[in-house]
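Here is the structure we will look at, set down as structure tokens.
Protein chains: 2
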Amino acid sequence: MAALDLKEYLKEKKKLVDKFLDDYLPKADVHPKTLHEAMRYSLFAGGKRVRPILCIASCEAVGGDIDTVLPVASAIELIHTYSLIHDDLPAMDNDDYRRGRLTNHKMYGEAIAILAGDALLTMAFDMLADHKLNSRLDSDSLLSIIKTLASASGSAGMVGGQAADIQASGKEVNLPEVEYIHIHKTGALIRASVCIGAIAGAGSKGERPFAPTLDALTRYGECIGLAFQIADDVLDIEGSRDEIGKDVGSDIAKEKVTYPSVIGISESKNLSKELIGKAIEAISTLGEKAEPLREIARYIIERKS
Amino acid sequence: MAALDLKEYLKEKKKLVDKFLDDYLPKADVHPKTLHEAMRYSLFAGGKRVRPILCIASCEAVGGDIDTVLPVASAIELIHTYSLIHDDLPAMDNDDYRRGRLTNHKMYGEAIAILAGDALLTMAFDMLADHKLNSRLDSDSLLSIIKTLASASGSAGMVGGQAADIQASGKEVNLPEVEYIHIHKTGALIRASVCIGAIAGAGSKGERPFAPTLDALTRYGECIGLAFQIADDVLDIEGSRDEIGKDVGSDIAKEKVTYPSVIGISESKNLSKELIGKAIEAISTLGEKAEPLREIARYIIERKS
């Protein structure tokens, strides 16, 4: 097999996810128009689709095909987008810009931004419970996917991490607390994306995931999830405004809890590299089909935005 | 069969729902504590559990049993509670009190209130996708329930109605628009509660709902859903502060779109009575097991809060 062109791989998968979501979402002229416009505004704001792509790559790593997993992978992006809209609100991180564009509430007002987030979150489950949309997956696999996504997104996952983050801002925190925040706020959804890909891949063959394989992919997802957020913390300090689409040093200005603020920038870089090594090691038995997962892991700490 | 004691019926079912939710929700000392405390604060704020009770009554009307439907019915209350927390936010209706107590954001701040709502919404789907919790229901029934709930709650349902309501406030609106708002903002979740009860009732016997019965119950749910919101509009004008737990006339003060503001109070009362008649007629073939549904319909326009 020729060496994987990761840039091409990411571009191609992103295009598929974008097209799927564009076809699925109500158009901006469907009543109530402003709500649908606001949902589309943030969903098509240039996101890299990291989570859906991880889900697709994980599905392919266990021998599943992309047509089976595409709706499921795309649903995860709805959850990610809703979380960004709500995180940016004045009561939360109070950000005016994201990826170089005005945030949802700066465009549509706070009320519509809150509702657009609520609607995207709800739509993710609407998509996943849709038999026609997911005709290649049996009901048990779909339920298992919904459970995995909901658990990773709620108070024991992403929302829990966000709540802990909000409450820790401006306070002195220790390493276990910043680890808790990062593992939940960012890590849980990334880990779930990988697990869901494995469930969909097995489900497409009428099977449940092979337990050791699911364990390996779960471990991979955990490691890259944490590495991803640590790399983000580092980028916030070392990146340029053009690269990260918002002001450099905004975490420091907001007194956010970050790895560099707790263990220093050099130690943070070492840790994220170490985690990527562990992630790649975890899936060492998965063979060539898992090569995109390995390349994505390396990309996470090398990316510029 | 002895005449149904509706007050006793409602009290008994509410107790079961309250107990189920109390057992299910993470305790307020589970990290992140404030988030879980905030979720519990609004969930146990004295709600009447109208939607879960409708769901249970509908399940029993088609011959299902309460043990099967209780987790499913309780999940609906999580959706209802999240919608109240978000509706009360300063950017939305900006209410300081609900049911005579401080609203969630007045107690915990806006950030935690937004997150508590997000977490409750997510938890509803976590509960529904839980095989162990719903061991009496097959996977197809559960998926159908999740689809029904998500569709009723999202941009084509409750959230869509709320967005239209926010945008109509302070403007002159016509009858079709106020009808759209009420049918979506309040009606969709009430209708879904009734449909979900029917799906769970059939599912507990390993069946899909009998189409004419589901149609009849859907029609019943539509009629009482709209009647419920019209009765609420009337209560906002004619109730006392003690009865409704918030200031009388708050809809008028906020220039909210209501039926009385469009067709007058007397016509509104006639319409809600007419809708209740239609609801009861729709389920005329369902026999004695549907008696609680008929009594609940009558109660909707006679209630004082």
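Residue numbers (this note's numbering), protein chains in the order written: chain A, 224 to 528; chain B, 224 to 528.
Quick reminder that beta carbons are idealized off the backbone N, C-alpha and C, glycines included.
Euclidean distance between Cα positions of residue i and residue j
| i | j | result |
| --- | --- | --- |
| leucine 344 of chain B | isoleucine 369 of chain A | 13 Å |
| serine 362 of chain B | leucine 248 of chain A | 26 Å |
| glutamate 402 of chain B | glutamate 478 of chain A | 47 Å |
| glycine 340 of chain A | tyrosine 264 of chain A | 11 Å |
| valine 273 of chain B | glycine 393 of chain B | 30 Å |
| cysteine 418 of chain B | cysteine 418 of chain A | 32 Å |
| histidine 254 of chain A | alanine 520 of chain B | 30 Å |
| glycine 429 of chain A | serine 364 of chain A | 9 Å |
| valine 480 of chain B | valine 396 of chain B | 7 Å |
| leucine 351 of chain B | aspartate 349 of chain A | 13 Å |
| lysine 234 of chain B | threonine 371 of chain B | 27 Å |
| aspartate 316 of chain A | glycine 448 of chain A | 21 Å |
| threonine 616 of chain A | alanine 347 of chain A | Residue numbering for chain A in the displayed model covers 224 to 528; residue 616 of chain A lies beyond these limits and cannot be assessed. |
| glycine 420 of chain B | aspartate 246 of chain A | 32 Å |
| glutamate 497 of chain B | histidine 407 of chain B | 19 Å |
| glycine 384 of chain A | glycine 384 of chain B | 30 Å |
| methionine 330 of chain A | arginine 321 of chain A | 12 Å |
| arginine 324 of chain B | tyrosine 232 of chain A | 54 Å |
| aspartate 353 of chain B | leucine 360 of chain A | 18 Å |
| glycine 222 of chain B | lysine 250 of chain A | Absent from the structure is residue 222 of chain B, since the part of chain B shown begins at 224 and ends at 528. |
| lysine 242 of chain A | lysine 242 of chain B | 45 Å |
| alanine 314 of chain A | serine 306 of chain A | 14 Å |
| aspartate 165 of chain B | alanine 450 of chain B | Here chain B comprises residues numbered 224 to 528, so residue 165 of chain B is not present and cannot be evaluated. |
| asparagine 493 of chain B | glutamate 400 of chain B | 19 Å |
Buried or exposed (CB count within 10 angstroms, at least 16 for buried), residue i
| i | result |
| --- | --- |
| isoleucine 404 of chain B | buried |
| aspartate 252 of chain A | exposed |
| serine 416 of chain A | buried |
| threonine 257 of chain A | buried |
| isoleucine 422 of chain B | buried |
| alanine 379 of chain B | buried |
| phenylalanine 267 of chain B | exposed |
| alanine 476 of chain A | exposed |
| serine 489 of chain A | exposed |
| threonine 304 of chain B | buried |
| glutamate 518 of chain A | buried |
| aspartate 216 of chain A | Coverage of chain A is limited to positions 224 through 528, which leaves residue 216 of chain A absent and any answer about it impossible. |
| glycine 472 of chain B | exposed |
Reduced DSSP category for residue i - H, G, I as helix; E, B as strand; rest coil
| i | result |
| --- | --- |
| leucine 258 of chain A | helix |
| leucine 266 of chain A | helix |
| arginine 442 of chain B | helix |
| leucine 325 of chain A | strand |
Beta-carbon proximity of residue i to residue j, cut-off 8 Å
| i | j | result |
| --- | --- | --- |
| valine 292 of chain A | glycine 424 of chain A | yes |
| alanine 386 of chain B | cysteine 446 of chain B | no |
| lysine 230 of chain B | lysine 271 of chain B | no |
| glycine 287 of chain A | serine 427 of chain A | yes |
| alanine 334 of chain A | leucine 312 of chain A | no |
| leucine 227 of chain B | glutamate 514 of chain B | yes |
| proline 483 of chain B | serine 491 of chain B | yes |
| leucine 516 of chain B | serine 358 of chain B | no |
| alanine 391 of chain A | methionine 262 of chain A | no |
| tyrosine 443 of chain A | isoleucine 499 of chain A | no |
| isoleucine 302 of chain A | asparagine 327 of chain A | no |
| isoleucine 460 of chain A | leucine 398 of chain A | no |
| lysine 512 of chain B | glutamate 283 of chain B | yes |
| isoleucine 289 of chain A | isoleucine 279 of chain A | yes |
| leucine 356 of chain A | proline 432 of chain A | no |
| valine 382 of chain A | leucine 244 of chain B | no |
| leucine 509 of chain A | leucine 366 of chain B | no |
Residue i CB to nearest heavy atom of the ligand SAM below 7 Å
| i | result |
| --- | --- |
| glutamate 514 of chain B | No copy of the ligand SAM occurs in the structure displayed, which carries no ligand at all. |
Residue-chain proximity (residue i, chain C), Cβ-Cβ < 8 Å
| i | result |
| --- | --- |
| aspartate 341 of chain A | The chain inventory of the structure shown lacks chain C, comprising the protein chains A and B. |
Legend entry - Any 3 or more C-beta pairs closer than 8 Å across the stretch 367-386 of chain A and the stretch 403-412 of chain A: Between the stretch 367-386 of chain A and the stretch 403-412 of chain A there are three or more C-beta pairs closer than 8 Å, enough to call the two in contact.
Inset, instruction - Pair every Cβ in the stretch 434-442 of chain B with every Cβ in the stretch 289-309 of chain B, then say whether three or more of these pairs are closer than 8 Å. - result: The stretch 434-442 of chain B and the stretch 289-309 of chain B do not touch, with fewer than 3 CB-CB distances between them shorter than 8 Å.
Legend entry - Three-pair Cβ contact test at 8 Å for the stretch 448-456 of chain A versus the stretch 514-525 of chain A: Yes: at least three Cβ pairs fall under 8 Å.
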